[in-house]
Every structure is written in C-alpha cells, then in structure tokens.
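J.:
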Amino acid sequence: MSDQPETEVTVHAGATTGSTRAVKAVIPAAGLATRFLPATKAVPKELLPVVDRPVLQYIVEEATAAGIRDVLLITGRGKTSMVDHFDRRPDLEARLEEKGDDARLAAVRGPSELADIFTCRQHEQLGLGHAVGCAQSHVGDEPFAVLLGDEFVKPSEPLLPAMLELQARTGGVVLAFFEVPPAETKRYGIASVAPTDGEFADLGDVVEVTGLVEKPAPEEAPSNLAVLGRYVLPGRIFEAIARTEPGAGGEIQLTDAMELLRAEGVPVHAIVYRGTRYDTGMPLGYLQTVVQIAAERDDLGAEFRAWLAEFVASDSPGGAQ
1 MSDQPETEVT VHAGATTGST RAVKAVIPAA GLATRFLPAT KAVPKELLPV
51 VDRPVLQYIV EEATAAGIRD VLLITGRGKT SMVDHFDRRP DLEARLEEKG
101 DDARLAAVRG PSELADIFTC RQHEQLGLGH AVGCAQSHVG DEPFAVLLGD
151 EFVKPSEPLL PAMLELQART GGVVLAFFEV PPAETKRYGI ASVAPTDGEF
201 ADLGDVVEVT GLVEKPAPEE APSNLAVLGR YVLPGRIFEA IARTEPGAGG
251 EIQLTDAMEL LRAEGVPVHA IVYRGTRYDT GMPLGYLQTV VQIAAERDDL
301 GAEFRAWLAE FVASDSPGGA Q
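Heads up, the sequence shown is in the working numbering, so the first residue is 1 and it goes up one at a time.
(1) When you compare only the Cα positions, how much space is there between Thr170 and Val206?
(2) Leaving out five residues on either side along the sequence, give the residues of the same chain with a beta carbon under 7 Å from the beta carbon of Val209.
(3) For the alpha helix (DSSP H) containing Ser112, list its first residue and its last residue.
(4) For the beta strand (DSSP E) holding Thr210, just list the boundary residues, first then last.
(5) In the DSSP assignment, the alpha helix (DSSP H) including Arg95 goes from what residue to what residue?
(6) Measuring only the C-alpha atoms, how far is Gly211 from Glu220?
(7) From Val322 to Pro143, what distance separates their C-alpha atoms?
(8) Check whether the segment 120 to 137 and the segment 242 to 261 touch, using three or more Cβ-Cβ pairs below 8 Å as the test.
(9) Report, in whole angstroms, the separation of the C-beta atoms of Gly133 and Gly235, which I expect to be a contact under 8 Å.
(10) According to DSSP, is Ile293 helix, strand or coil?
(11) Quick one: what does DSSP say Val23 is sitting in, helix, strand or coil?
(12) Grab me the residues of Gln167's own chain with a C-beta within less than 7 Å of its C-beta, minus the 5 sequence neighbours each way, in chain order.
(13) Verify whether the separation of the beta carbon atoms of Thr280 and Phe152 is less than 9 Å.
(14) Put Pro187 into one of helix, strand or coil per three-state DSSP.
(15) By DSSP, does Ile271 sit in helix, in strand, or in coil?
(16) Along the chain, where does the beta strand (DSSP E) that runs through Val232 open and close?
(17) Among Met82, Ile68 and Asp116, whose alpha-carbon lies nearest the alpha-carbon of Leu160?
(18) If you count every other CB in all the chains shown that lies within 10 Å of the CB of Leu164, and 16 or more means buried, which is it?
(19) With three or more beta-carbon pairs closer than 8 Å as the criterion, would you say the segment 29 to 37 touches the segment 67 to 82?
(20) Give the straight-line distance between the Cα atoms of Asp91 and Pro111, rounded to the nearest whole angstrom.
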C-alpha cells in the first residue's frame, strides 16, 4: 500500500487559504500511545479527558486562538473517533435542548465550531518527520504550524501568535524551547543557540538556533533548551524531509530535517517559552495536568483543592474519605 497521504474526512467546509503568515496547522496524532495501554487500545490518547475536555480539544483551541482555522489531523488506524469529536451530534444536542441544559449544549456544539478539520492517514508510524511529510498535499508550499498532540500551553500565556509572527518576518523555521534539567536532555531535541541582539525583542526571548541534536545524552547536550512541541515551518520542509535518512530510534526525525535546512542557510529561530506547559505524553505528566487544571477551575477548584490537601495530609494508605 502506498504511503502517500489520502484525505479522508472533512467535518465542515470553508478552509482558509494561504498567505504570508501561516494559516494552517498540522497535528500529528497517529501514534500507538503504548505508555497508556490498555486505556489507549480503543480510545486515542488524544481523547483522554482533562477534567471534561479531551487533550486534543485544548490543542485545537490553542490553534484557533492564534487565528488558525484550518487544522489537519494526521491519524492512524482506530483513531476516527478524534474526528467524531469535532462533528455535530444532533441527537445529543436535541436531548439537551429539550432539557433546557444550555451549558452542556454549548459545550457539545463548541468543538464543531472551532475550526475546519481535515484528516490524513499515516499508514506506518515512521517518525515525526514522516508524519509531518504526510501533510504535503494539504499544505502545499505555504508556511504552516505543527502542534504535537500531547502537550499544550495555558491559554492565558499564549505562545503560538508570537511564533507565527516571527516566522512571517524571517521566512524560516521557528521553534519553541523550554528549559529542562540536564538529566532529561535524552528525552528531547536539544538546541545550541546564539543571541539575536534584541532584533525581535517585541516577540519575547528570541534566539538564533545554531544546531539541533535529537535526544542527546546529558554529557553530550549543547544546552538545556529542549524543543517544545510547537513549530512553524516553511513549505520547503517537505523537500528536506524527503532527503532525511532515519535517525534516532530508526525513525525519520523532524529535528534532522530542520537541521538540514539550517545547514543549507535557512534561518532558524526559537522563542524560549517560560509560561505554563502541560505535558500529557506520559502518565505522570497527564495526571499532573489534570490536577493542575482541575485545581484552577472556577466551578471545581475550591472544593477540589480542599479535598486534595486533606488527601495529601492523610496518613491512611487509602487517603481521605
């Protein structure tokens, strides 16, 4: 079977056309999520709930808050329910309307009104670079954003708008970094950087990227700046991906393709993000995200924080009752 992407579902029409500023987003979401088995045997990891909204909805909301309404999901087998979440449910909506439950009705309709959702099937999970490459027929030569499907940032501390503006100014690759303890560099793409002399000071802490290495050992890491799961890329990244050989883990790494462009003179910059990042890619991070967001909710936070404090203070193995 060919590895060429095939467009499968359009939830609703009216996709935005391209411009100098990126207006399309790609969300790679075809992975098997083995760290969450058996929960993810039938339920995509991207639909695991953070209180009462799935992770994927937070990510799409992050894109639309930055002005992007054309979203391509890179999916895999058994993940059609991700698209269903952004579709209408007339039967459920009718029932809620009959009951006069306006709040839940708005919550159910909300996902279908966020963006124009498209899908593309990645037939084999051959790495993030390969997944992004599947988007070529949808994106074309336009710049576009990539949002990984297992992390998002606090809505009141946005990151993507500044990244989109930086890419529009430079025309190159734009990344986001966050600081990690040295022992954790082996989990991330790590960068070496140089200052930009304040040229982009209005957009935050912007650095020039002078090198990228995928998952280096702590003693080999050039810095403690790790790649956050947000990218804004020029259309020429697809040609670079096609020339990229399998790297770490035997997979086609997006980091390697970006480094290829950088070595050929394409400008690569990054914003060092110091806001709140939620990482749901591993069970511990997922649980921390649920607790953090639940504790901040206006409708749940006070009662939940009181229970949590009592639970933590309890000496009983079963916690507070």
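A virtual CB, placed ideally from N, CA and C, is assigned to each residue, including glycine.
T.: From the atom records:
(1) The alpha-carbon separation between Thr170 and Val206 amounts to approximately 12 Å.
(2) Excluding positions up to five away in sequence, the list reads Leu175, Ala191, Val193, Arg262, Val268, His269 and Ala270.
(3) No alpha helix (DSSP H) contains Ser112, which DSSP labels as neither H nor E.
(4) Val206 to Glu214 is the extent of the beta strand (DSSP E) around Thr210.
(5) Note, Arg95: alpha helix (DSSP H), Pro90 to Lys99.
(6) If you take the alpha carbons of Gly211 and Glu220, they lie about 13 Å apart.
(7) No answer is possible for residue 322: it lies beyond the span of the chain, which begins at 1 and ends at 321.
(8) The answer is yes - the segment 242 to 261 touches the segment 120 to 137, with three or more Cβ pairs under 8 Å.
(9) The Cβ separation is near 12 Å, so there is no contact.
(10) In the structure shown, Ile293 sits in a helix (DSSP, three-state: H, G or I).
(11) In this structure, Val23 counts as coil in the three-state DSSP scheme.
(12) So the qualifying residues of the chain are Ala22, Pro143, Val174 and Val232.
(13) Yes, the Cβ-Cβ distance between Thr280 and Phe152 is below 9 Å.
(14) Before going further, note that residue 187 is Arg rather than Pro in the sequence given. Assigned with DSSP and collapsed to three states, Arg187 falls in helix.
(15) When DSSP states are grouped into helix, strand and coil, Ile271 belongs to the strand group.
(16) Residues Leu225 to Leu233.
(17) If we check each option's Cα against that of Leu160, Ile68 comes out closest.
(18) Residue burial is scored here from C-beta neighbours: Leu164 has at least 16 other C-beta atoms within 10 angstroms and is therefore classed as buried.
(19) As far as the Cβ criterion goes, the segment 29 to 37 touches the segment 67 to 82, which means the pair count is three or higher.
(20) Distance from the CA of Asp91 to the CA of Pro111, rounded to the nearest whole angstrom, comes to 16 Å.
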